[in-house]
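Undergrad:
Number of protein chains: 2
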Amino acid sequence: MPGRIIEECTFTHRQVPGPVSKKAVEKLNPVWDSRAVYFVVDYAKSHDNFIVDVDGNEFLDVYSQIASIPVGYNNARLIEAAKSPQMILALVNRPAVGNFPGENWLTQLKDGLLRVAPKGHNKVFTAQSGSEANELAYKAAFMRYRRRQRGEGVEWTQEEIDSCMNNAAPGSPDLAILSFKNSFHGRGFGSLSTTRSKAVHKLDIPAFNWPQAPFPALKYPLEDNVEANKAEEEACLKKVEELITSWHCPVAAVIVEPIQSEGGDNHASPAFFQGLRKITQEHDVMLIADEVQTGFGATGKFWGHEHWNLASPPDMVTFSKKAQTAGYFFGDDQLTPDKAYRQFNTWIGDPARIIMSNAVISEILDNKLVEHTAQVGDKLYAALEKLATKYPDNIQNLRGKGNGTYIAFDTENPAALVGKMRSFGVNIGTCGTRTVRLRPMLVFEEGHIPRLVETFERALTGGADGSK
Amino acid sequence: MPGRIIEECTFTHRQVPGPVSKKAVEKLNPVWDSRAVYFVVDYAKSHDNFIVDVDGNEFLDVYSQIASIPVGYNNARLIEAAKSPQMILALVNRPAVGNFPGENWLTQLKDGLLRVAPKGHNKVFTAQSGSEANELAYKAAFMRYRRRQRGEGVEWTQEEIDSCMNNAAPGSPDLAILSFKNSFHGRGFGSLSTTRSKAVHKLDIPAFNWPQAPFPALKYPLEDNVEANKAEEEACLKKVEELITSWHCPVAAVIVEPIQSEGGDNHASPAFFQGLRKITQEHDVMLIADEVQTGFGATGKFWGHEHWNLASPPDMVTFSKKAQTAGYFFGDDQLTPDKAYRQFNTWIGDPARIIMSNAVISEILDNKLVEHTAQVGDKLYAALEKLATKYPDNIQNLRGKGNGTYIAFDTENPAALVGKMRSFGVNIGTCGTRTVRLRPMLVFEEGHIPRLVETFERALTGGADGSK
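Next comes the structure, spelled out in structure tokens:
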């Protein structure tokens, strides 16, 4: 009963950021650009689903460090991992794992990360960020493309070797990665060339002349727009194929998010992704699933692309955020370069972060947190659906049904709404231009739903400063 | 007395990699490309300057995880930092520091990293790898260039906003970074476009059409080639200026390593770098010192560019490796973007690694390890100079005098030589095409010199398999 719960909740109005946060930011900004800081955190006091700031405000956190905290603040198993002798060794003796892996590296990967490798994938390449993971996947796709073009076992020509040192073809070939409008794949010069979400990310930065296809703009509610959405998805797929066959240079890979996250929580149906898999296979183009934000359970499946029901898997799956480390999984030996040292750097990841990742995975598997998230997500969606019916002008295009807690809706002024939510003790984020996105951790429980939903209601009906 | 020391050393021949290492690599390779592994390490048994492999072999380590271990394996102060309550919090609650920094973030930067900020630099931007640090510096240079071109405070045009989403000018402008032949600046798509060291790094990967200038090829010994080297450096500077003024698009920044490290330990004189600073200032081009490998003391100064004796500092200084974290320092407010969220990503570095970095800095400062390295380096250089006199065919172009332990020489088959060195218990690396590079840690002591030098001698005079 919403009414009852409203009365039980305390909607104390918080000043966010509070005075202590503000003072800290004033000191921080001259040495480190702090203009994006919401508030300064007391991580020692934060716990489970709750983040506590230095002013003593406690927030129910459904933003989770931009969707990157997996199993709650100060999780006991993660603390144990952080204190382990293996961790001390990994922190103190940071290895160049490509040359000098430690004796536990095999275990950390084979009995660790590979526990959750997507179906059909039995190899991993480690990295340090989602951007880096995507760029490494692009490089793997480019090297594979040229290897097949050159012919298996055919040596590099002197012309290739000489020209690449000059950044010129044929050694530095004109090859492309296709991405989708509104996608976000990172901030490096390669990954940013595939990112198409916001000008603030891209403006002033040189970019590769790579193609972008339209991503389906589905109409909601889905059940009332079946035919229109089907036509929209087919039109987008047609455009993908046109771009692959007509672009000024070969397209080596297509990268796609299971749910376009930074770009506005844009969904597409399994049929769309099945069509994408079909087209990429027909044209021998690698399909990369960017699971940096969707991976590790929040969609109610461990990997977002499991919702696609593909007959054959994407060729590479990149991960970061909730994984607490980064990298990409793959299964095709042709994606291992023809020679050593081609996919290489000093650290190639961080064993310290992989130890944390393995603790996260154990926590998820042992506590069945993916199944849990699927169930709680259904209940959360139902509660928000009710709210959307009550406030149809403020909660539009509610989406993410059947996708765990990966739920979003459109509203006229999302920044104002989440500002109010914060002042009422809920930390939540936006994406795209008019979207509020929910990114609870995998330990979000049914018992948290009333506080979240009622805070939405209070924020929607409260005064401009949220003080009503 | 070399003779005496040879007799005292034990030149037991080790099989490297040993059987246990080999077996581990056989298991590892199917899940993680292990073709570059030298041996598998027992990090628990490694200590100070010595790395121990899983076969029980102990090596004097003057390669130091590709020049990235700063103060010895299992350093006591680093262990203390790894066990600290701050570390547990940083590992367990990995923050998105741009939005939600912890209360210690200010201290970790201001009283931490900024303790060693280069002269004239009072700001830092944090990152996770040397490649990323360089790319963030390039982005800062590009944004600054366009900001000045646009005019201070002038808003972006709709045409810029629209075109950048399509990777096209004017929003995605044609701007360049100039780098030098044989330089190494990383493996991302932007940093790789400036890397010019080896084809194996670059081949098959699309690259930006950016210019490369020749880097001085100095003749040794320096004192016998003063005029020729001066002419060589002047010719290179002339070419830099020509490229800046004639390239098909504006050059926003020049990036240079104080010593070209991966490319063969190529040095240039202070006069060359002073000339480079003069040219870049005259043309309003940012000068980036890539100190990923030279930074943090190994050259006998904290920053390699301190050897240049510049009147005004480089505009940005990037760091990684021995810093155990990564990022860049800068001092000019124009290098802070005009708006928030332009230099941004989820994690923006890793506080856990910055805690380690601060322990490294404290260890360096408290124990005067930079001064120590300068002194030990002089002695090491003198010992190698004697050896070079004895074996002039095998030790050529000895270089790095006055540069701490950052010493290198050319030899016909460096891979074979370091293979033999390893079999005699010294772990050492190569660079360029015919160079052996020394990269001891900052705790390398005078007492280690005899073992190193005598092992060189044994390896140079021993049989092909190093078993003599």
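Just so you know, the protein sequences line up as chains W and B, in that order.
Going by this note's numbering, the first residue of the first sequence is number -9, and it counts up by one from there.
Going by this note's numbering, the first residue of the second sequence is number -9, and it counts up by one from there.
Heads up, the beta-carbon is just placed ideally off N, CA and C, and yes, glycines get one too.
Cβ closer than 7 Å: which chain W residues qualify as neighbours of W337 (chain B)?
TA: The residue labelled residue 337 (chain B) in the question sits at position 347 within the second sequence. Per Cβ cutoff of 7 Å: S119.
Undergrad: Would you check if the distance between the CB atom of I351 (chain W) and the CB atom of V144 (chain W) is smaller than 7 Å?
TA: On the first sequence, position 361 is the one that residue 351 (chain W) refers to. On the first sequence, position 154 is the one that residue 144 (chain W) refers to. Not a contact, by the Cβ cut-off of 7 Å.
Undergrad: List the residues of chain B whose Cβ lies closer than 9 Å to the Cβ of G178 (chain W), in chain order.
TA: If you number the first sequence from 1, residue 178 (chain W) lands on position 188. Result: S121, E122, E125, G178, F179, G180 and S181.
Undergrad: For S169 (chain B), list the residues DSSP reports as bridge partners.
TA: As a working mapping, residue 169 (chain B) is identified with position 179 in the second sequence. DSSP output for S169 (chain B) lists B:Q202 as bridge partner(s).
Undergrad: Name the chain B residues that come within less than 9 Å of R84 (chain W), Cβ to Cβ?
TA: On the first sequence, residue 84 (chain W) is found 94 positions in, with the first residue counted as 1. Going along chain B in sequence order, the residues near R84 (chain W) (Cβ under 9 Å) are Q55, S58, I59, Q314, R343 and M346.
Undergrad: Within 7 Å (strictly less), CB to CB, does V366 (chain B) reach chain W?
TA: Translated into positions along the second sequence, residue 366 (chain B) becomes position 376. V366 (chain B) does not count as touching chain W.
Undergrad: How would you call L182 (chain W), buried or exposed, if buried means at least 16 neighbouring beta carbons within 10 angstroms?
TA: The residue labelled residue 182 (chain W) in the question sits at position 192 within the first sequence. So L182 (chain W) ends up on the buried side.
Undergrad: Buried or exposed for G437 (chain B), please, with buried defined as at least 16 other CB atoms from any protein chain shown within 10 angstroms of its CB.
TA: Taking the first residue of the second sequence as position 1, residue 437 (chain B) is located at position 447. Result: exposed.
Undergrad: Three or more C-beta pairs under 8 Å: does that hold for the stretch 231 to 241 of chain B against the stretch 174 to 192 of chain W?
TA: Cβ pair count under 8 Å is below three, so no.
Undergrad: Identify, in the order they occur along the chain, each residue of the same chain with its Cβ nearer than 6 Å to the Cβ of R177 (chain W), setting aside the five sequence neighbours on each side.
TA: For the purposes of this step, residue 177 (chain W) is taken as the residue at position 187 of the first sequence. Excluding sequence neighbours, R177 (chain W) sits near S121.
Undergrad: Taking D280 (chain W) as the reference, which of W:P7, W:D305 and W:A158 has the closest Cα?
TA: Here residue 280 (chain W) refers to the residue found at position 290 of the first sequence. Selected option, being the one with the closest Cα: W:D305.
Undergrad: State the CB to CB distance for the pair C226 (chain B) and P248 (chain B), rounded to an integer number of angstroms; the pair is presumed to be in contact (CB under 8 Å).
TA: Locating residue 226 (chain B) in the second sequence gives position 236, counting from the first residue. Locating residue 248 (chain B) in the second sequence gives position 258, counting from the first residue. 15 Å between Cβ atoms; not a contact.
Undergrad: What's the gap between the Cα of M276 (chain W) and the Cα of L104 (chain W)?
TA: If you number the first sequence from 1, residue 276 (chain W) lands on position 286. If you number the first sequence from 1, residue 104 (chain W) lands on position 114. Distance between the alpha carbons of M276 (chain W) and L104 (chain W) is about 21 Å.
Undergrad: Under DSSP, the alpha helix (DSSP H) around G180 (chain B) begins and ends at which residues?
TA: To locate residue 180 (chain B), count along the second sequence from 1; it is residue 190. Element bounds for G180 (chain B): F179 to T184.
Undergrad: Between the stretch 86 to 117 of chain B and chain W, which residues of the former have a C-beta closer than 8 Å to a C-beta of the latter?
TA: Listed by position along the chain: A86, G88, N89, F90, P91, G92, E93, W95, L96, L99, K100, L104, N112, K113, V114, F115 and T116.
Undergrad: Within the continuous alpha helix (DSSP H) that includes D356 (chain B), where are the two ends?
TA: Translated into the one-based positions of the second sequence, residue 356 (chain B) becomes position 366. Counting along the chain, the alpha helix (DSSP H) containing D356 (chain B) begins and ends at P341 to D356.
Undergrad: Could you have a look at I(-5) (chain W) and say whether DSSP puts it in helix, strand or coil?
TA: Indexing the first sequence from 1 puts residue -5 (chain W) at position 5. For I(-5) (chain W), the predicted structure reports a pLDDT of 39, less than 50, and the residue's modelled location is therefore unreliable. A value from the coordinates is still provided. Note: I(-5) (chain W) maps to helix in three-state DSSP.
Undergrad: Can you tell me whether DSSP reads A454 (chain W) as helix, strand or coil?
TA: By one-based count along the first sequence, residue 454 (chain W) stands at place 464. Caution is warranted here: a pLDDT of 45 is assigned to A454 (chain W), below 50, making its placement in the model unreliable, and the coordinate value is therefore given only provisionally. It is coil, neither helix nor strand.
Undergrad: Per DSSP, H37 (chain W) is paired with what?
TA: Residue mapping note: residue 37 (chain W) aligns to position 47 of the first sequence, counting from 1. W:F40, per the DSSP bridge assignment.
Undergrad: Specify the secondary structure class of M276 (chain W) as computed by DSSP and reduced to three states.
TA: What you label residue 276 (chain W) is simply residue 286 of the first sequence in a count that begins at 1. Three-state DSSP puts M276 (chain W) in a strand.
Undergrad: What does Q139 (chain W) pair with, by DSSP beta-bridge criteria?
TA: Residue mapping note: residue 139 (chain W) aligns to position 149 of the first sequence, counting from 1. Bridge partners of Q139 (chain W): none, in fact.
Undergrad: So, does the CB of A225 (chain B) fall closer than 7 Å to a CB anywhere in chain W?
TA: Along the second sequence, one-based indexing puts residue 225 (chain B) at 235. Not an interface residue.
Undergrad: Determine the burial state of R138 (chain W): buried for a count of at least 16 other Cβ atoms within 10 Å of its Cβ, exposed for fewer.
TA: One-based indexing of the first sequence puts residue 138 (chain W) at position 148. Counting Cβ neighbours within 10 Å, R138 (chain W) comes out exposed, since fewer than 16 surround it.
Undergrad: Please report the distance separating the alpha-carbon of V244 (chain W) from that of T270 (chain W).
TA: Along the first sequence, read from residue 1 onward, the residue named residue 244 (chain W) stands at position 254. Along the first sequence, read from residue 1 onward, the residue named residue 270 (chain W) stands at position 280. Roughly 8 Å separates the two Cα atoms.
Undergrad: So what does DSSP say about L208 (chain W), is it helix, strand or coil?
TA: On the first sequence, residue 208 (chain W) is found 218 positions in, with the first residue counted as 1. DSSP places L208 (chain W) in coil when its eight states are reduced to three.
Undergrad: In terms of residues, what are the limits of the alpha helix (DSSP H) holding Y388 (chain B)?
TA: Numbered from 1 along the second sequence, position 398 holds the residue referred to as residue 388 (chain B). Note that residue 388 (chain B) is Leu in the sequence shown, not Tyr. L388 (chain B) -> not in any alpha helix (DSSP H); beta strand (DSSP E) instead, spanning Q386 to R389.
Undergrad: Between W95 (chain B) and L18 (chain W), how many whole angstroms is the CB-CB distance? I'm expecting something under 8 Å.
TA: For the purposes of this step, residue 95 (chain B) is taken as residue 105 along the second sequence, with counting starting at 1. For the purposes of this step, residue 18 (chain W) is taken as residue 28 along the first sequence, with counting starting at 1. About 7 Å; that satisfies the 8 Å criterion.
Undergrad: How close, in whole Å, do the beta carbons of G290 (chain B) and A364 (chain B) come, if the pair is a contact with beta carbons under 8 Å?
TA: What you label residue 290 (chain B) is simply residue 300 of the second sequence in a count that begins at 1. What you label residue 364 (chain B) is simply residue 374 of the second sequence in a count that begins at 1. Going by Cβ atoms, the distance from G290 (chain B) to A364 (chain B) rounds to 3 Å, so yes, they are a contact pair.
Undergrad: At which residues does the alpha helix (DSSP H) containing R332 (chain W) begin and terminate?
TA: Locating residue 332 (chain W) in the first sequence gives position 342, counting from the first residue. Looking at the DSSP string, R332 (chain W) is not in any alpha helix (DSSP H), and its letter there is neither H nor E.
Undergrad: Could you name the residues of the stretch 125 to 147 of chain W whose beta carbon sits closer than 8 Å to any beta carbon of chain B, in the order they occur along the chain?
TA: Cβ contacts with chain B come from E125, Y128, K129, F132, M133, Y135, R136, R137 and W146.
Undergrad: List, in chain order, every chain B residue whose beta-carbon is nearer than 9 Å to that of C421 (chain W).
TA: One-based indexing of the first sequence puts residue 421 (chain W) at position 431. Those do not exist, as C421 (chain W) stays about 13 Å from chain B at its closest Cβ, beyond 9 Å.
Undergrad: Report the three-state DSSP secondary structure of I338 (chain B) (helix, strand or coil).
TA: Position 348 of the second sequence, counting from 1, holds the residue named residue 338 (chain B). Residue state, collapsed to three classes: coil.
Undergrad: At least one CB of chain B closer than 7 Å to the CB of K17 (chain W): is that the case?
TA: Here residue 17 (chain W) refers to the residue found at position 27 when the first sequence is read from its first residue. So, interface residue.
Undergrad: When you check each C-beta in the stretch 243 to 263 of chain B against every C-beta of chain W, which residues fall closer than 7 Å?
TA: Listed by position along the chain: nothing, the set is empty.
Undergrad: List the endpoints of the continuous beta strand (DSSP E) containing C421 (chain B).
TA: Here the question's residue 421 (chain B) lines up with position 431 in the second sequence. Per DSSP, C421 (chain B) belongs to the beta strand (DSSP E) from G419 to C421.
Undergrad: Which residues mark the beginning and the end of the beta strand (DSSP E) in which L193 (chain W) is found?
TA: Start at 1 with the first residue of the first sequence, and residue 193 (chain W) comes out as number 203. Here L193 (chain W) belongs to no beta strand (DSSP E), and DSSP marks it neither H nor E.
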